[in-house]
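Each step along the sequence shown adds one to the number in our numbering, with nothing skipped, and position 228 is 228. Don't be surprised by glycine CBs; every beta carbon is placed ideally from N, CA and C. Values in this document were obtained by computation on a predicted structure and should not be read as measured data.
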Amino acid sequence: MNWWCFAQPGTAWTWQWQPLMGVWLVMVLLIWVYHRVLSRIDDSYESSRLRKSRRAAFALAIFLLWASLDWPLGPLGASYLASVHMVQFLAVGIAAPALLLLALPGAAYEPLRRYPRLTKALSDLTHPVSAFFIFNIMMTATHWPGVVDLLMPTQLGSFVLDAAWMLGGLIFWWPLIVPVPERPGFHSLGKIAYLALNAFLIRPPFAMMIFSASPIYAIYELAPPPAQDALNDQQLAGAVMKIGLAWIMFAGVLVIFRNWMLLESDRPESA
Numbered sequence: 001m002n003w004w005c006f007a008q009p010g011t012a013w014t015w016q017w018q019p020l021m022g023v024w025l026v027m028v029l030l031i032w033v034y035h036r037v038l039s040r041i042d043d044s045y046e047s048s049r050l051r052k053s054r055r056a057a058f059a060l061a062i063f064l065l066w067a068s069l070d071w072p073l074g075p076l077g078a079s080y081l082a083s084v085h086m087v088q089f090l091a092v093g094i095a096a097p098a099l100l101l102l103a104l105p106g107a108a109y110e111p112l113r114r115y116p117r118l119t120k121a122l123s124d125l126t127h128p129v130s131a132f133f134i135f136n137i138m139m140t141a142t143h144w145p146g147v148v149d150l151l152m153p154t155q156l157g158s159f160v161l162d163a164a165w166m167l168g169g170l171i172f173w174w175p176l177i178v179p180v181p182e183r184p185g186f187h188s189l190g191k192i193a194y195l196a197l198n199a200f201l202i203r204p205p206f207a208m209m210i211f212s213a214s215p216i217y218a219i220y221e222l223a224p225p226p227a228q229d230a231l232n233d234q235q236l237a238g239a240v241m242k243i244g245l246a247w248i249m250f251a252g253v254l255v256i257f258r259n260w261m262l263l264e265s266d267r268p269e270s271a
């Protein structure tokens, strides 16, 4: 029994179910922590509709994580199809972190203010400029062929990659979603520019996957392909990375723009 999905070059794909207990344990831990946090705060100041929306966001985050990391997508993405691996990245490294942060009310973050050193560290780590570079360095490093081929063949290495995705995603979304620490200078227009730049930025892994004349990942080249050859699948993975990331960033832009317009419409008109 395996606890996490990992690359198994030379092993043919099978539709026989494989239990991944580590994935289930992580899901249970996240659910327990979420309910534990909610039990310690008072979110009654929020409307019932907003509370339901936050819980729905958490449920969707758990579903995305579970579906992406567990069988069959977990083993498929870890060892056989780079395109599935890229779908996993979009879910684990971008969509789920945003949903997890949105799932908590503002009151859940307020206790952080009681720890000045932690708040200062968070302020530096999640500053928009820092978050931008951390996220893009993480994204490039975790898709670099040498790193992927080194870490993916072991369960621990594969887990480290997934954890890096999640951590990078949380840092990326933090300045946009979390009210602690406060950033009065980070206006809605700046947030839109932050997302737009990440949507249009051409990263090295994307260019390598799309324009390389041969497969760049040994783990997918050596694995018996369950669908298409490694090069075509690699090019599909590059397209999934670019288009999927752009759509998620665009969705974030729409949400921020909508909230900005609602805030402006609620302001009293000057005499």
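The beta carbons of Leu102 and Ile41 sit about 15 Å from each other, so the pair does not count as a contact at 8 Å. Non-local C-beta neighbours of Val253 in its own chain, meaning closer than 7 Å and more than five positions away in sequence, comprise Ile192, Leu195, Ala196, ordered along the chain. Counting along the chain, Ile31 sits inside the alpha helix (DSSP H) bounded by residues 21-39. Judged by their CB atoms, Arg51 and Pro105 are nearer to each other than the 9 Å cut-off. In this structure, the straight-line span from the alpha carbon of Leu122 to that of Pro181 is close to 7 Å.
In terms of Cα proximity to Gly93, the closest of Trp173, Pro184, Arg183, Val33 is Trp173.
Inclusion of Val23 and Leu69 in the CB contact set at 9 Å is warranted, their separation being smaller than that value.
For Asn2, DSSP records a beta bridge to Leu20.
Exposure of Arg36 is indicated by the presence of fewer than 16 other C-beta atoms within 10 angstroms of its C-beta. Straight through space, the alpha carbons of Leu231 and Trp15 are spaced by roughly 23 Å. With a beta-carbon spacing of about 5 Å, Asp233 and Ala82 fall inside the 8 Å limit used to define contacts. DSSP places Trp71 outside both helix and strand once states are collapsed to three, so it counts as coil. Your pair Leu20 and Trp32 does not check out as a contact, with CB atoms roughly 19 Å apart and the cut at 8 Å. Scanning Ile216, Ala95, Ala107 for the CA closest to the CA of Trp144 turns up Ile216. Counting of Cβ neighbours within 10 angstroms places Trp165 among the buried residues, the total reaching 16 or more.
In terms of Cα proximity to Ile210, the closest of Leu222, Val240, Gly190 is Val240. By the Cβ neighbour-count rule, Pro204 is exposed, with fewer than 16 other Cβ atoms within 10 Å of its own. Arg113 counts as exposed, since fewer than 16 other beta carbons sit within 10 angstroms of its beta carbon.
Under the criterion of beta carbons closer than 8 Å, Leu99 and Ala61 qualify as touching, at roughly 4 Å.
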